[in-house]
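Student: Top line first, the protein sequences correspond to chains Z and P. Per my numbering, residue 1 is the first one in the first sequence, and the count goes up by one each step. Per my numbering, residue 1001 is the first one in the second sequence, and the count goes up by one each step.
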Amino acid sequence: MLHLIVKYMWWIVPVLLLSACATPQPTLRGTGDLGVVIERATGQVQVIETSGRKSLAQVSGLGDLSHASVVFSRDGRYAYVFGRDGGLTKVDLLTATIAGRILQAGNSIGGAVSQDGRLVVAQNYEPGGIKAFDADTLALVADVPADYGAEGKRSKVVGLADLPGSRFIYSLFDANEIRVTDLSDPKNPKTERYPAGKQPYDALVTPDGRYYIAGLFGEDGLSMLDLWQPAQGVRTILPGYGRGEQALPVYKMPHLRGWAVAAGRAYLPAIGRHEVLVVELGSWKEVARIPVKSQPVFVMARPDGREVWVNFAFPDNGWMQVIDTFTNRLLDTFQPGRAILHLEFTPKGEAVWISARDDNKVAIYDTATRRKLAELPAASPSGIFFTSRAFRTGF
Amino acid sequence: MSHGTYRTVFLAFVAMAAGLPAAAQDASPQLQPQRIRELVHLVRQDCGSCHGLTLQGGLGPALTAPALRDKPRESLVATILGGRPGTPMPPFRGIVAEDEAAWIVDRLAEGFPADPGASR
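Rendered as structure tokens:
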């Protein structure tokens, strides 16, 4: 018998070996230390790993990625990339392939994922409104126009964030309103409207999902809605923070997210001023205003909240400053590269990844020593997004 | 697009701008190649943060040739230099000179060139 096998079946061993080579078994791995870097000019993303501080793969064909933003599936495997051109691309981080792609609007600005992970929602400039998609298939499940006024106009939508219970909160730039849409029955979306301040440009929800704070371009102050007591309506916080002074020209709108919250306070960029405003959550008292290098764009707390890192608008976008939240004083001022567009902390904050668009690189810094740990080449990098966002409300 | 391709596009563009007879340029300002490179980068990247890298629009309106067809050249130059009060459009006076603003408007009207990348 053995003799026969050796005589007639000898070929089976090399064939098995060959097939093993042709379809290599992927190494099993988790996704908790993965992320993406947007390469804005070329419509590509890099899949990166924060543990090894390296790029794993490049995925192309994502369209116009100027001002792209990313949210993650709750298993941390898929990145949903929202492009400026209305493209929504689902990227599989494990295989570095496109798992789905749709053109869902003419002009889009970002998105959010529902609490249960089933819905991906896009916020759109054109046509103004939000759209909800099945997170698995990207099939459209709800279309909620941001219409206002008597003539059927539609507002640009900014500041979208997820809330508990398949609800989403967002602001209407053109209509001076905050809206909350309940998508627990996507066929019958229910929307509540709250009059807000002038020209909200972006917004954040605190990590506990309680307070929604919208930054205003059109007035000195911010609009705050307490989602535990929504009947109280929108309240203006830090009113008149500009002290009646002429605002400086704004070459880049700041961005707001839950990362603004540290040590029981919110660290907020002042519009048209070289200041970071510090307000106590709940009492809404101004705690401090910290003079900084230029107009802040991202004012981002390290995950432990002990430090806040700040980058700046054109033409001072080569600078970065670090604020100590215990003393509310500047700790450091340095230049990581040319055109610093974004930064992202590792999940527990021992390192920060910084994109330097005009140097075509991502620089990685140790946050304790502010020493550079590594640099990765990237073509015109902008946003950096890590999968740890998947587990945070408002990301 | 590779670096080489960028360079080819850029050089072709410079050659085109330099090679045109003066009359055909209709008083469009003459700028140094280095400055042209900076302005193209500025418009694509920094104006692009509101108007989009492809200039199809965003928080700000589209700046494509068809979108600007009916807009007077002088008012577009004035908008770049002075901004538009009440909107997020800031004044760029001090960042671009008047003839540079006119140059940008002329290039927008014919379809804006691709970004050759930041200067070294």
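Heads up, the beta-carbon is just placed ideally off N, CA and C, and yes, glycines get one too.
At least one CB of chain Z closer than 9 Å to the CB of Pro1095 of chain P: is that the case?
Tutor: According to the sequence provided, residue 1095 of chain P is Ile. The question's Pro does not apply to it. Chain Z, which has a Cβ nearer than 9 Å to the Cβ of Ile1095 of chain P, makes this yes.
Student: Is Asp358 of chain Z buried or exposed, if buried means 16 or more other CB atoms sit within 10 Å of its CB?
Tutor: Classification of Asp358 of chain Z: buried, given that the 10 Å Cβ count is 16 or more.
Student: Could you pull out every residue in the same chain whose Cβ sits closer than 7 Å to the Cβ of Leu160 of chain Z, ignoring the five residues on either side in sequence?
Tutor: The residues are Gly110, Gly111, Ala112, Val121, Gln123, Ile130, Phe168 and Tyr170.
Student: Since Trp309 of chain Z is in the beta strand (DSSP E), which residue starts that stretch and which ends it?
Tutor: Element bounds for Trp309 of chain Z: Glu307 to Phe312.
Student: Does the structure place the region 337-352 of chain Z close enough to the region 295-307 of chain Z that three or more beta carbon pairs sit under 8 Å?
Tutor: Yes, the region 295-307 of chain Z is in contact with the region 337-352 of chain Z.
Student: Using only CA atoms, which one of Z:Ala263, Z:Ala68, Z:Thr206 and Z:Val261 lies nearest to Asp85 of chain Z?
Tutor: Measuring from the Cα of Asp85 of chain Z, the nearest candidate turns out to be Z:Ala68.
Student: Taking its Cβ as the centre, do 16 or more other Cβ atoms sit within 10 Å of Trp259 of chain Z, making it buried, or is it exposed?
Tutor: Trp259 of chain Z is buried by the Cβ-count criterion.
Student: Excluding the five sequence neighbours on either side, which residues of its own chain have a C-beta within less than 7 Å of the C-beta of Pro1021 of chain P, listed in chain order?
Tutor: The predicted model places Pro1021 of chain P with a pLDDT of 42, which falls under 50 and marks its position as unreliable, so this point remains unresolved.
Student: Let me check understanding here. Comparing Cα to Cα, which of Z:Gln104, Z:Ala105, Z:Ala79 and Z:Asn107 lies closest to Arg97 of chain Z?
Tutor: This sequence places Thr at residue 97 of chain Z; Arg is not what is there. Comparing Cα positions, the closest option is Z:Ala79.
Student: Within the continuous beta strand (DSSP E) that includes Val352 of chain Z, where are the two ends?
Tutor: Run containing Val352 of chain Z: Ala351 to Ala356, per the beta strand (DSSP E) assignment.
Student: Quick test of your reading: Ile102 of chain Z and Leu138 of chain Z, contact by CB under 8 Å. State the CB separation rounded to the nearest angstrom.
Tutor: Indeed, because the Cβ distance is near 5 Å, the residues count as touching under 8 Å.
Student: Establish whether the CB of Ala1018 of chain P and some CB of chain Z are separated by less than 9 Å.
Tutor: Note that Ala1018 of chain P scores 45 on pLDDT, short of 50, meaning its location in the model is unreliable; the coordinates nonetheless yield the value given after this. Ala1018 of chain P does not count as touching chain Z.
Student: Mind checking the region 142-170 of chain Z against chain P and listing, in chain order, the residues whose C-beta falls within less than 8 Å of any C-beta there?
Tutor: Here the close residues are Lys156.
Student: If the cut is a Cβ gap below 7 Å, which residues of chain P does Asp358 of chain Z touch?
Tutor: The answer, in chain order, is Ala1118.
Student: Tell me, please, whether the CB atom of Phe1048 of chain P is closer than 9 Å to any CB atom in chain Z?
Tutor: Before going on, a small fix: residue 1048 of chain P reads as Gly here, not Phe. By this cut-off, Gly1048 of chain P is an interface position.
Student: Candidates Z:Asn328, Z:Ser380, Z:Ala263 and Z:Gln295: which alpha carbon is nearest Thr206 of chain Z's?
Tutor: Thr206 of chain Z has its Cα closest to that of Z:Ala263, out of Z:Asn328, Z:Ser380, Z:Ala263 and Z:Gln295.
Student: Report the three-state DSSP secondary structure of Ser388 of chain Z (helix, strand or coil).
Tutor: Three-state result, Ser388 of chain Z: helix.
Student: Where do the N-terminal and C-terminal ends of the beta strand (DSSP E) with Pro377 of chain Z fall, by residue?
Tutor: Residues Lys372 to Pro377.
Student: Show which residues of chain P have a CB atom less than 9 Å away from the CB atom of Met253 of chain Z.
Tutor: Within chain P, the residues near Met253 of chain Z are Ser1049, Cys1050, Leu1059 and Pro1088.
Student: Could you check which residue in Z:Leu238, Z:Asp143, Z:Gly233 and Z:Asp202 has the C-alpha nearest to that of Tyr189 of chain Z?
Tutor: What sits at residue 189 of chain Z in the sequence shown is Pro, not Tyr. Closest option to Pro189 of chain Z, Cα to Cα, is Z:Asp143.
Student: Pro1033 of chain P lies in the alpha helix (DSSP H); which residues open and close that run?
Tutor: First-last of the alpha helix (DSSP H) with Pro1033 of chain P: Pro1033 to His1041.
Student: So which of P:Arg1044, P:Ile1095, P:Ala1101 and P:Ser1028 has the shortest CA-CA distance to Leu65 of chain Z?
Tutor: That would be P:Arg1044, whose Cα lies nearest to the Cα of Leu65 of chain Z.
Student: Count the CB pairs spanning the region 193-200 of chain Z and the region 240-256 of chain Z that are closer than 8 Å, and state whether there are at least three.
Tutor: No: fewer than three Cβ pairs fall under 8 Å.
Student: For Lys434 of chain Z and Leu1059 of chain P, I'd like the C-alpha separation in whole angstroms.
Tutor: Residue 434 of chain Z lies beyond the stretch modelled for chain Z, which goes from 1 to 395, so this question has no answer here.
Student: Verify whether the separation of the beta carbon atoms of Trp228 of chain Z and Arg210 of chain Z is less than 9 Å.
Tutor: Yes; because the gap between Cβ atoms is below 9 Å, this pair is in contact.
Student: How should Leu268 of chain Z be labelled, buried or exposed, when 16 other C-beta atoms within 10 angstroms of its C-beta is the threshold for buried?
Tutor: Buried: at least 16 other Cβ atoms inside 10 Å.
Student: Along chain P, which residues have their Cβ under 9 Å away from the Cβ of Val250 of chain Z?
Tutor: Residues of chain P passing the Cβ test: Pro1088 and Pro1090.
Student: Return helix, strand or coil for Ile1080 of chain P, following the three-state DSSP convention.
Tutor: Here Ile1080 of chain P sits in helix by DSSP.
Student: Within 8 Å, do at least three Cβ pairs link the region 1101-1119 of chain P to the region 1061-1068 of chain P?
Tutor: Segments in contact, yes.
Student: Can you list the residues of chain P that His67 of chain Z reaches, using a CB-CB cut of under 7 Å?
Tutor: Within chain P, the residues near His67 of chain Z are Ser1049 and Gly1058.
Student: Taking only beta carbons into account, state which residues of the region 294-318 of chain Z come closer than 8 Å to chain P, listed in chain order.
Tutor: Of all residues in the region 294-318 of chain Z, Phe314 and Pro315 have a Cβ within less than 8 Å of some Cβ in chain P.
Student: Residues of chain Z with CB under 9 Å from Thr1121 of chain P, in chain order?
Tutor: As shown, chain P starts at 1001 and ends at 1120. That puts residue 1121 of chain P outside it, with no answer to give.
Student: State yes or no: is the C-beta of His1134 of chain P within less than 9 Å of the C-beta of Gly1117 of chain P?
Tutor: It is not possible to answer for residue 1134 of chain P, since the shown part of chain P is limited to 1001 through 1120.
Student: At the 9 Å Cβ level, is Gly1083 of chain P part of the contact set with chain Z, yes or no?
Tutor: Taking Cβ atoms only, chain Z reaches closer than 9 Å to Gly1083 of chain P, which makes this a yes.
Student: Residue range of the beta strand (DSSP E) that Ala301 of chain Z falls in?
Tutor: First-last of the beta strand (DSSP E) with Ala301 of chain Z: Pro296 to Ala301.
Student: With a cut-off of 9 Å, does the C-beta of Gln1045 of chain P fall near any C-beta of chain Z?
Tutor: Yes, because at least one Cβ of chain Z sits closer than 9 Å to the Cβ of Gln1045 of chain P.
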